[in-house]
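Take a look at the structure below.
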Amino acid sequence: GFLQVASPVPQGPNKWHEQFPIAKGQRQSPIDIVTSNAKVDKALSDNPLKVSYSNNCCQSVTNTGASFQVVVDGAGTEISGGPLDSTYKLVQFHAHWGPLGGDEGSEHTVDGVTYPAELHLVHWNQKYKDVGEAVDKPDGLAVIGVFFSRGKEHAGFKPISDLFAKVPRKADKVDISFNYDPACLLPARRDYWTYLGSLTTPPLFESVTWIVMKDPVEVSAEQLAALRNLLWETPSGEGQMCNNYRPPQPLQGRLVRST
Ligand SMILES: NS(=O)(=O)NCC1=CS(=O)(=O)c2ccccc21
Ligand SMILES: [Zn+2]
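1244 is the number of the first residue of the sequence shown in my numbering; add one for each residue after it.
Right, dumping it as structure tokens:
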């Protein structure tokens, strides 16, 4: 048979369907949120999204080779209400971003507008025994997306963005020794759009109830630049991690609800 040369560099989003056919599925993420088509659903405000994070839940920051990831011990770190029919526990948060100084980088877009980065707070449904069981179930995950805009420094993000220089290579990991409450990364105004979608990275499971906050949070140009202290494999060897975002996917007739 032909020599199968394993490609050391992961293939980009437009090749994922070859190994993950669900990439062309009916509830893929991210999407472009067309605000005029979003439907205000009173039920979302009647049962407000409840975010109760503890401030000692963050254990470590690691370089996954595709993003930074803050690993969380979900004890006492739960969300419920809004579009969710049960309690979900925070397991990790990470982000996606673009090129240095650019304005693309978010995964979701709003009326075609991109942001320089997007934070994802990943939670799993407590009806399952662990995140591994939840990850491929239609109601398995809930991910809160927060847009980052370029502006003044985000004091709450600084303790995390200062750690990126300590985890330059894949599998590098540093412990978080200080108390940290991830809720500080949420915008003050808690309005959001919500729709049924998927993981935006392989294996692209269609298991995510997306909760995309309407308001961005401001981070400084230096904090966005700190994301590039993370390195990854590129076709020409090791380079700055950037453009680790999947572009918007077909809506396939899905409804986007709004608070
Ligand atoms: N951008 S995203 O948030 O859609 N991706 C998340 C993700 C990618 S994953 O397959 O590592 C995984 C395992 C368990 C829970 C979440 C994930
Ligand atoms: Zn993500």
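By construction, the Cβ of each residue, glycine as well, lies at the ideal position given by its N, Cα and C atoms.
Where S1303 sits in the DSSP three-state scheme: Here residue 1303 is taken as the residue at index 60 of the sequence shown, counted from 1. If DSSP states are grouped into helix, strand and coil, S1303 belongs with the strands.
So, at 7 Å on beta carbons, what are the nonlocal neighbours of N1422 in its own chain, with the 5 sequence-adjacent residues on each side left out? Indexing the sequence shown from 1 puts residue 1422 at position 179. So the qualifying residues of the chain are N1298, N1299.
Answer yes if the segment 1399-1416 comes into contact with the segment 1433-1453, meaning at least three C-beta pairs across the two stretches below 8 Å, and no otherwise. Fewer than three Cβ pairs drawn from the segment 1433-1453 and the segment 1399-1416 lie within less than 8 Å of each other, which leaves the two stretches out of contact.
Separation of V1389 from R1432, as counted between CA atoms: Counted from its first residue, the sequence shown places residue 1432 at position 189. Counted from its first residue, the sequence shown places residue 1389 at position 146. Taking the straight line joining both Cα atoms gives about 12 Å.
Q1312 burial status per 10 Å Cβ neighbour count (16 or more: buried): By one-based count along the sequence shown, residue 1312 stands at place 69. It is buried - the Cβ of Q1312 has at least 16 other Cβ atoms within 10 Å.
So what does R1393 bridge to, in DSSP terms? Here the question's residue 1393 lines up with position 150 in the sequence shown. Answer is V1462, bridged to R1393.
Near ligand 1: V1374 beta-carbon under 6 Å from a heavy atom: Looking up residue 1374 in the sequence shown gives position 131. V1374 Cβ: within cutoff of ligand 1.
For H1363, is the beta carbon positioned less than 6 Å from some heavy atom of ligand 1? On the sequence shown, position 120 is the one that residue 1363 refers to. Yes - ligand 1 has a heavy atom lying nearer than 6 Å to the Cβ of H1363.
Can you pull the DSSP bridge partners for E1449? Translated into the one-based positions of the sequence shown, residue 1449 becomes position 206. BP columns for E1449 are empty, so no partner.
Whose CA, out of S1392, H1363, L1498, lies closest to the CA of Y1438? Within the sequence shown, numbered from 1, the residue matching residue 1438 stands at position 195. Just measuring C-alpha positions, the residue of S1392, H1363, L1498 sitting nearest Y1438 is L1498.
DSSP-derived helix/strand/coil call for A1338: Sequence index remark: in the sequence shown, residue 1338 carries index 95 (1-based). Collapsing the DSSP output to three states places A1338 in a strand.
DSSP three-state label for G1374, please. If you number the sequence shown from 1, residue 1374 lands on position 131. Per the sequence presented here, residue 1374 reads as Val, with Gly not at that position. Three-state result, V1374: helix.
Answer with buried or exposed for P1491, where buried requires no fewer than 16 other C-beta atoms within 10 angstroms of its C-beta. As a position in the sequence shown, residue 1491 is number 248, starting the count at 1. Taking a 10 Å sphere around the C-beta of P1491, we find 16 or more other C-beta atoms and assign the residue as buried.
What do you reckon, is the C-beta of T1352 under 6 Å from a heavy atom of ligand 2? Translated into the one-based positions of the sequence shown, residue 1352 becomes position 109. No, since every heavy atom of ligand 2 falls outside the 6 Å radius drawn around the Cβ of T1352.
For K1258, tell me which candidate among P1445, H1363, D1382, W1340 has the shortest Cα-Cα distance. As a position in the sequence shown, residue 1258 is number 15, starting the count at 1. Taking only the C-alpha atoms, the option nearest K1258 is P1445.
Does the beta-carbon of N1487 have 16 or more other beta-carbons within 10 angstroms, so that it is buried, or is it exposed? Position 244 of the sequence shown, counted from the first residue, corresponds to residue 1487. Counting other Cβ atoms within 10 Å of its Cβ, N1487 reaches 16 or more and is therefore classed as buried.
Do R1489 and E1350 count as a contact pair if the criterion is CB distance below 7 Å? Counting from one through the sequence shown, the residue named residue 1350 turns up at place 107. Counting from one through the sequence shown, the residue named residue 1489 turns up at place 246. In contact: E1350 and R1489 (Cβ atoms closer than 7 Å).
Where does N1306 land, buried or exposed, given buried means 16+ other C-beta within 10 angstroms? Here the question's residue 1306 lines up with position 63 in the sequence shown. The residue in question, N1306, is buried, as its Cβ has 16 or more Cβ neighbours within 10 Å.
Taking the alpha helix (DSSP H) that K1401 belongs to, which residues open and close that run? Working through the sequence shown from its first residue, we reach residue 1401 at position 158. First-last of the alpha helix (DSSP H) with K1401: 1401-1404.
What distance in whole Å lies between the Cβ atoms of R1500 and P1273, which are believed to be in contact at a cut-off of 8 Å? In the sequence shown, the residue the question calls residue 1273 occupies position 30. In the sequence shown, the residue the question calls residue 1500 occupies position 257. About 16 Å; that fails the 8 Å criterion.
Beta-carbon proximity list for K1282, same chain, < 8 Å, skipping 5 on both sides: Position 39 of the sequence shown, counting from 1, holds the residue named residue 1282. L1498, V1499, R1500, S1501.
Tell me which residues share the same chain as V1202 and place their Cβ nearer than 6 Å to its Cβ, disregarding the 5 neighbours each side in the sequence. There is no way to answer for residue 1202, as the model of the chain reaches only from 1244 to 1502.
Reducing DSSP to helix, strand and coil, say where R1471 ends up. Here residue 1471 refers to the residue found at position 228 of the sequence shown. Note: R1471 maps to helix in three-state DSSP.
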